[in-house]
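Numbering (the numbering used here), first residue to last: 574 to 842. Heads up, the beta-carbon is just placed ideally off N, CA and C, and yes, glycines get one too. What you are looking at is a predicted structure, and each value in this text was computed from that prediction instead of being measured.
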């Protein structure tokens, strides 16, 4: 029959807008297949909003017969006559951390505004469950785990020293690799740009908190942190991007640093 529901983009950053798609011609419960719409999502995972929240699935004394207007879907005729989608930013819509979206996925069904019931046949699809995989890493020499950095969750910055092509950075020993890192964002009250930087690039080698540990089994180096406490963000700071690179403890020329200097988006907690 083919795929009845999916998410776009594939492997999304759930702190950004995504679309939940449903092809009503491919659902196993066909009670909606011959209806023309409009259709609404009814969702309960990773979180179900309670009555009175403004995001509840249905309103009134018989919520199943009166879907919330904010949950109306749009038709995508380019993908098929029976294809509908709902666009949301999952972390904002459900009010949960990105890690919870990835671990629980998104569960929902599709129905018309009046879903029947209360003595009438239900008009709905079967329960639809979409597994949400995090963005695929395009790994260069420096990369982060998890793929989406959150300010209040543990983050590991890795430097894959064995694959670095800079001859001056080959075969670094424990204590040789130091991370230069900064976080840029804005003050939510003033709107002014703000930058947190534990040390300048040239002083990074003398800052013990920037020393990367070596995994002897793989030759990779890593630094583990929780960005909020590592940088010491103020309560009004909204992080947007982390930029980093790796240098030797003793720096004398560009041969003593990697050429990789990624800019990594920071998601919303």
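Exercise. May I ask you to list the residues that DSSP assigns as paired with residue 631?
Key: Position 58 of the chain shown, counted from the start, is the residue given in the question as residue 631. 640.
Self-check item: residue 787 burial status per 10 Å Cβ neighbour count (16 or more: buried)
Solution: Numbered from its first residue, the chain shown carries residue 787 at position 214. Counting the other CB atoms within 10 Å of its CB gives residue 787 a total of 16 or more, which places it among the buried residues.
Quiz item: What is the DSSP secondary structure of residue 646, counted as helix, strand or coil?
Solution: The residue you call residue 646 lines up with position 73 of the chain shown. Reduced to three states, the DSSP call for residue 646 is coil.
Quiz item: How long is the line joining the alpha carbons of residue 831 and residue 713, rounded to whole angstroms?
Solution: Indexing the chain shown from 1 puts residue 831 at position 258. Indexing the chain shown from 1 puts residue 713 at position 140. Each residue's alpha carbon lies about 11 Å from the other.
Practice problem: Assign residue 748 to buried or exposed, taking buried as 16 or more other Cβ atoms, counted over all protein chains shown, within 10 Å of its Cβ. | Solution: The sequence position of residue 748 within the chain shown is 175, counting from 1. So residue 748 ends up on the exposed side.
Quiz item: Unbroken beta strand (DSSP E) runs of length 3 or more, entirely within the stretch 737-775: which are they?
Solution: Counting only runs of 3 or more residues that sit fully inside the stretch 737-775, the beta strand (DSSP E) segments are 750-760 and 766-769, in chain order.
Quiz item: Run through DSSP, which three-state label would residue 608 get?
Solution: Taking the first residue of the chain shown as position 1, residue 608 is located at position 35. In the displayed model, residue 608 falls within coil according to three-state DSSP, outside both helix and strand.
Quiz prompt | Any beta strand (DSSP E) of 3 or more consecutive residues that is wholly inside the stretch 792-838 | solution = Qualifying beta strand (DSSP E) stretches, in chain order: 794-798, 810-821 and 836-838.
Practice problem: Could you tell me the distance, in whole angstroms, from the CA atom of residue 779 to the CA atom of residue 772? | Solution: The residue labelled residue 779 in the question sits at position 206 within the chain shown. The residue labelled residue 772 in the question sits at position 199 within the chain shown. A straight-line Cα-Cα distance of about 9 Å links residue 779 and residue 772.
Exercise. Kindly indicate the opening and closing residues of the beta strand (DSSP E) around residue 731.
Key: Here the question's residue 731 lines up with position 158 in the chain shown. Taken as a continuous stretch (DSSP letters only), the beta strand (DSSP E) holding residue 731 covers 728-732.
Quiz item: Among 798, 774 and 839, which residue has its Cα nearest to the Cα of residue 824?
Solution: As a first step, residue 824 is located in the chain shown; it is residue number 251 there, counting from the start. When the alpha-carbon of residue 824 is set against those of 798, 774 and 839, the nearest one is in 774.
Quiz prompt | residue 620, DSSP secondary structure in three states | solution = Against the chain shown, residue 620 aligns to sequence position 47. Looking at residue 620 - three-state DSSP - the assignment turns out to be coil, as it is neither helix nor strand.
Practice problem: Taking 9 Å as the cut-off, decide whether the C-beta atoms of residue 721 and residue 840 are in contact. | Solution: The residue labelled residue 721 in the question sits at position 148 within the chain shown. The residue labelled residue 840 in the question sits at position 267 within the chain shown. The answer is yes: Cβ separation under 9 Å.
Self-check item: Residue from 835, 653, 804 and 758 with nearest C-alpha to residue 725
Solution: Working through the chain shown from its first residue, we reach residue 725 at position 152. Nearest option by C-alpha distance: 804.
Quiz prompt | Residue(s) in a DSSP beta bridge with residue 596 | solution = On the chain shown, position 23 is the one that residue 596 refers to. According to DSSP, residue 596 bridges with 656.
Practice problem: Would you mind working out which of 759, 701 and 654 sits nearest residue 813, comparing C-alpha positions? | Solution: For the purposes of this step, residue 813 is identified with residue 240 of the chain shown, where counting begins at 1. Selected option, being the one with the closest Cα: 759.
Practice problem: Taking residue 752 as the reference, give the member of 736, 766 and 776 with the closest Cα. | Solution: As a working mapping, residue 752 is identified with position 179 in the chain shown. With distances taken between CA atoms, residue 752 lies nearest to 776 out of 736, 766 and 776.
Quiz item: Do you know how far the Cα of residue 640 is from the Cα of residue 684?
Solution: Within the chain shown, the letter at position 111 stands for residue 684. Within the chain shown, the letter at position 67 stands for residue 640. Straight-line Cα distance between these residues: approximately 8 Å.
Quiz item: With 16 as the cutoff for other CB atoms within 10 Å, does residue 630 come out buried or exposed?
Solution: For the purposes of this step, residue 630 is taken as the residue at position 57 of the chain shown. Classification of residue 630: buried, given that the 10 Å Cβ count is 16 or more.
Quiz item: Which stretch, first to last residue, makes up the alpha helix (DSSP H) that contains residue 663?
Solution: Residue mapping note: residue 663 aligns to position 90 of the chain shown, counting from 1. Unbroken alpha helix (DSSP H) run through residue 663: 663-667.
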